[in-house]
Amino acid sequence: MIKAYILILTYVGNLKSVLNELKNLENIESIAVIAGDYDIIVKARVNSLEELMELTDKIHAIKGVKRTNTQVVEKEIEA
Amino acid sequence: MIRIRKKYLFYTLGITSAIIAAAGTTTDTYASIYIKNPWALCFSIFLVGLVITFLLTAILSIPVNGKTIGSTIDPSFRGMRLIKKEELKYQAIAGFANAVTTLAYFYVIWSYNNPFTPATILAFSQVVIIYLLAIESITEKNAPTLAEVQSAIIVSFGAMLASISLKGGINARGIAVVFLVLNPSWALFSIYQRKLKLLRFDGCYNDAINIRLWNIVFTTFFTFVAILLMGYFMHENLLQESLNTLSYWHLLAISMTIAFFSYVFYIRALGLGKASVTQAVKSSNIIFSIPFSFWLASIVGGSLFESPLHALIKIMGMILVILGVISFALTEVRGYIFINAKSGYRAKDLIEEIWKIKGVTSIAAVAGSYDIIAKVRIRSLGKGYERIVRVLEGINGIASFKWHSILKEWEEI
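If you're matching them up, the sequences are chains A and B in order.
Numbering of the first sequence is given in numbering that gives the first Met the number 0, commencing with residue 0 and proceeding in unit increments.
Numbering of the second sequence is given in numbering that gives the first Met the number 0, commencing with residue 0 and proceeding in unit increments.
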């Protein structure tokens, strides 16, 4: 099991439509709209790096996505 | 696929459970009019419950279009299954706690020799929310915030006022049983049901339906042992009396069917929120029980309110419950912090150090343009500065960090 954070920057005015598209994707654990350098942070859970690539490709294909930045989780502690 | 926000689902589940529980309480009151021996009622209700729960779980296990019927009420449900090794200890404790809770509840009713007057003392069982808060502030990493403590106290006192009766007396023994036996065992029951729901098997969360099924198995066993022991000391054949009360099996079956659905929704809600908050949301059943109580009063006679003063106290209590539940839903700030470490510091040591900060709910060492991503949850942005930002600034290995407040969030459930 591989987890990753995908940080997404959108073009102004596209946030809502990007969110609606993201909600339909598989392998996503959570989606948060954030205030800061990025607009959306997605937490993904995939079985392989290949699947992660497929997911990021799908995100890139969404109209309104300007740039993504993927951070693969190496070690995690959760409450 | 993410369909509904976690927060909405949590409150939907909690309130659905409360509405169903309100119907259940009414059935129990109706059953206690016919079944006079509370101990016999206690065992026979679980005995009938065992059969009903087994049948319901079997029906819910029927596959339709590749999914079980039960997956509509809990998506994690894959069909009836045997108990798993990891669950055994938790189920034993939850079953024991449920048996003690039920016996203590019936003891209070019994000690008054009348099913209607114990309402004065049983109202104090609403204080269980405060017990849960106290336990969580010691054991949980995600300790309750001040706003949560305030809301919980408002709900507890509101629920107490809304369920209190002015007729019954208060005796020391009844109060002792409620505060020392009923509330602690109830708190234990909730906490272990939550632990069970949070267990993961092959990456999937445990399902509420099997948790309820196995809880009933353990509870029936512990109640059976208790009935045998009490029968021995009281020189009464309680087992025979329990079997006699089975002639009212249809009443018990309705009660346990209602309880099944109420608990399944409650356990699902427990998987999403803290036990104290879930219990507080479920306290709203006091409000939902009003139409059922009116209905019951029209059948068996009697009135919902004992006097105008009683009505006033009840209405005040209900307003407090509503206010408390709303304020739970409105007070929270969450955010992500992206951290870059200085070279020469081990990420493993850093995440352990950051994990110690109160308010950090998850932390991950990542490969990418940042080194660490932490998720935080606090009461206000001001607290975020005092509790988190100032502490991060004091950690040696951190080169820089960026705070990103969460404006809205969806989570898969």
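Where is the CB? At the ideal position from N, CA and C, for every residue including glycine.
State the start and end residues of the unbroken alpha helix (DSSP H) segment that holds A/His-59.
Walking along the first sequence from the start, residue 59 of chain A turns up at place 60. Note, A/His-59: alpha helix (DSSP H), 48 to 60.
Secondary structure of B/Pro-114, DSSP reduced to three states
Translated into the one-based positions of the second sequence, residue 114 of chain B becomes position 115. Bear in mind that the predicted position of B/Pro-114 carries a pLDDT of just 47, short of 50, making it too unreliable to give a figure here.
Between B/Ile-128 and B/Val-154, how many whole angstroms is the CB-CB distance? I'm expecting something under 8 Å.
By one-based count along the second sequence, residue 128 of chain B stands at place 129. By one-based count along the second sequence, residue 154 of chain B stands at place 155. The pair is a contact, with the Cβ atoms about 6 Å apart (cut-off 8 Å).
Out of A/Glu-28, A/His-59 and A/Ile-61, point me to the one whose CA is closest to A/Arg-2's CA.
The count along the first sequence starts at 1 and reaches residue 2 of chain A at position 3. Residue 2 of chain A is actually Lys in this sequence, not Arg. Checking every option, the nearest Cα to that of A/Lys-2 belongs to A/Glu-28.
Proximal chain A residues relative to B/Leu-406, where beta-carbon distance stays under 7 Å
Position 407 of the second sequence, counted from the start, is the residue given in the question as residue 406 of chain B. Proximity of chain A to B/Leu-406 at the Cβ level (cut-off 7 Å) is accounted for by Val-32, Ile-33 and Ala-34, in chain order.
List the residues that DSSP assigns as beta-bridge partners of B/Arg-376.
The residue given as residue 376 of chain B occupies position 377 in the second sequence. BP columns for B/Arg-376 point to B/Arg-333.
Under 7 Å by beta carbon: chain B residues contacting A/Thr-69
On the first sequence, residue 69 of chain A is found 70 positions in, with the first residue counted as 1. Proximity of chain B to A/Thr-69 at the Cβ level (cut-off 7 Å) is accounted for by Gly-367, in chain order.
Indicate whether at least one CB of chain B lies closer than 8 Å to the CB of A/Asn-13.
Here residue 13 of chain A corresponds to residue number 14 of the first sequence, with the count starting at 1. So, not an interface residue.
Proximity of A/Glu-73 and B/Ser-361 at Cβ, strictly below 8 Å:
On the first sequence, position 74 is the one that residue 73 of chain A refers to. On the second sequence, position 362 is the one that residue 361 of chain B refers to. Contact flag unset, no.
With a Cβ-Cβ cutoff of 8 Å, do B/Val-365 and A/Tyr-37 count as a contact?
For the purposes of this step, residue 365 of chain B is taken as residue 366 along the second sequence, with counting starting at 1. For the purposes of this step, residue 37 of chain A is taken as residue 38 along the first sequence, with counting starting at 1. No; because the gap between Cβ atoms is not below 8 Å, this pair is not in contact.
Rounded Cβ spacing between B/Ile-405 and A/Ala-31 (contact assumed at less than 8 Å)
By 1-based counting over the second sequence, the position of residue 405 of chain B is 406. By 1-based counting over the first sequence, the position of residue 31 of chain A is 32. Right, the Cβ-Cβ distance comes to about 5 Å (below 8 Å), so this counts as a contact.
Indicate whether B/Met-317 and B/Val-47 have their beta-carbon atoms separated by less than 8 Å.
Here residue 317 of chain B is taken as the residue at index 318 of the second sequence, counted from 1. Here residue 47 of chain B is taken as the residue at index 48 of the second sequence, counted from 1. In this structure, B/Met-317 keeps its C-beta atom at 8 Å or more from the C-beta atom of B/Val-47.
What are the residues of the region 305 to 339 of chain B that lie near chain A, defined by any Cβ-Cβ distance shorter than 7 Å?
Here the close residues are Tyr-335.
For the region 146 to 163 of chain B against the region 305 to 314 of chain B, do three or more pairs of beta-carbon atoms, one drawn from each stretch, fall closer than 8 Å, so that the two count as touching?
Output reads yes: the region 305 to 314 of chain B touches the region 146 to 163 of chain B.
Alpha helix (DSSP H) runs contained entirely in the region 137 to 188 of chain B, provided each spans 4 or more residues:
Taken in chain order, the unbroken stretches of alpha helix (DSSP H) that lie wholly in the region 137 to 188 of chain B and span 4 residues or more are 145 to 162 and 171 to 175.
For B/His-234, would you say it is in contact with chain A, using Cβ-to-Cβ distances shorter than 8 Å as the test?
Locating residue 234 of chain B in the second sequence gives position 235, where the first residue counts as 1. For B/His-234, no Cβ of chain A is located within less than 8 Å of the residue's own Cβ.
Short CB-CB distance (under 8 Å) between B/Ser-361 and chain A
On the second sequence, position 362 is the one that residue 361 of chain B refers to. Closer than 8 Å to some Cβ of chain A, the Cβ of B/Ser-361 qualifies, so yes.
DSSP three-state call for B/Pro-74: helix, strand or coil?
The count along the second sequence starts at 1 and reaches residue 74 of chain B at position 75. Annotated three-state conformation of B/Pro-74 is coil, per DSSP.
What alpha helix (DSSP H) runs, 4 residues minimum, are completely inside the region 217 to 258 of chain B?
If we require 4 residues or more, the alpha helix (DSSP H) runs fully inside the region 217 to 258 of chain B come out as 237 to 244.
Should A/Ala-60 be labelled buried (16 or more other beta-carbon atoms within 10 Å of its own) or exposed?
Against the first sequence, residue 60 of chain A aligns to sequence position 61. Exposed: under 16 other Cβ atoms inside 10 Å.
Using the beta-carbon of each residue, which ones in chain B are nearer than 8 Å to A/Lys-74?
Mapped onto the first sequence, residue 74 of chain A falls at position 75. Per Cβ cutoff of 8 Å: Ala-346, Lys-347, Ile-350, Ala-363 and Ala-364.
How big is the Cα-Cα spacing for B/Pro-110 and B/Ile-253?
On the second sequence, residue 110 of chain B is found 111 positions in, with the first residue counted as 1. On the second sequence, residue 253 of chain B is found 254 positions in, with the first residue counted as 1. According to the sequence provided, residue 110 of chain B is Ser. The question's Pro does not apply to it. Going from the Cα of B/Ser-110 to the Cα of B/Ile-253 covers about 26 Å.
Count the CB pairs spanning the region 258 to 278 of chain B and the region 187 to 204 of chain B that are closer than 8 Å, and state whether there are at least three.
In the pairwise beta carbon analysis, the region 258 to 278 of chain B is classified as touching the region 187 to 204 of chain B: at least three pairs are separated by under 8 Å.
Tell me, please, whether the CB atom of B/Glu-147 is closer than 8 Å to any CB atom in chain A?
Here residue 147 of chain B refers to the residue found at position 148 of the second sequence. Chain A, which has no Cβ nearer than 8 Å to the Cβ of B/Glu-147, makes this no.
Distance between B/Leu-8 and B/Ile-285 (C-alpha atoms, nearest Å)
Counting from one through the second sequence, the residue named residue 285 of chain B turns up at place 286. Counting from one through the second sequence, the residue named residue 8 of chain B turns up at place 9. Distance between the alpha carbons of B/Ile-285 and B/Leu-8: 21 Å.
Exposed or buried, B/Gly-94, counting other C-beta atoms within 10 Å across all chains shown (16 or more means buried)?
Looking up residue 94 of chain B in the second sequence gives position 95. When all chains shown are included, B/Gly-94 counts as buried.
Note down, in chain order, all residues in the region 83 to 101 of chain B with a beta-carbon under 8 Å from any beta-carbon belonging to chain A.
Cβ contacts with chain A: none found.
If we cut at 8 Å on Cβ distances, does A/Ser-16 have a partner in chain B?
The residue given as residue 16 of chain A occupies position 17 in the first sequence. It does not; no Cβ of chain B falls within 8 Å.
Using beta-carbon positions only, say whether B/Ile-372 and B/Ile-353 come within less than 8 Å of one another.
Numbered from its first residue, the second sequence carries residue 372 of chain B at position 373. Numbered from its first residue, the second sequence carries residue 353 of chain B at position 354. Going by C-beta atoms, B/Ile-372 is not nearer than 8 Å to B/Ile-353.
Between the CA atoms of B/Ile-108 and B/Ile-34 - distance to the nearest angstrom:
Looking up residue 34 of chain B in the second sequence gives position 35. Looking up residue 108 of chain B in the second sequence gives position 109. Here the C-alpha atom of B/Ile-34 lies approximately 12 Å from the C-alpha atom of B/Ile-108.
Going along the chain, which unbroken runs of the beta strand (DSSP E) with 3 or more residues stay wholly within the region 264 to 340 of chain B?
With a minimum length of 3 residues, the continuous beta strand (DSSP E) runs that stay inside the region 264 to 340 of chain B are 332 to 340.
Report yes if the CB atom of B/Val-263 is closer than 8 Å to the CB atom of B/Ala-207, and no otherwise.
By one-based count along the second sequence, residue 263 of chain B stands at place 264. By one-based count along the second sequence, residue 207 of chain B stands at place 208. Cβ distance < 8 Å, so B/Val-263 and B/Ala-207 count as in contact.
Give the DSSP-derived three-state secondary structure of A/Val-81 in the structure shown.
The requested residue 81 of chain A does not occur in the structure, where chain A is confined to residues 0 to 78.
So, for B/Trp-294: in the same chain, excluding its five sequence neighbours on each side, which residues have a beta-carbon less than 8 Å away from its beta-carbon?
Taking the second sequence and counting its residues from 1, one reaches residue 294 of chain B at position 295. Only Thr-25 meet the Cβ criterion.
Taking B/Gly-334 as the reference, which of B/Val-359, B/Ser-342, B/Glu-351 and B/Ile-350 has the closest Cα?
Here the question's residue 334 of chain B lines up with position 335 in the second sequence. It is B/Val-359 whose Cα lies nearest to the Cα of B/Gly-334.
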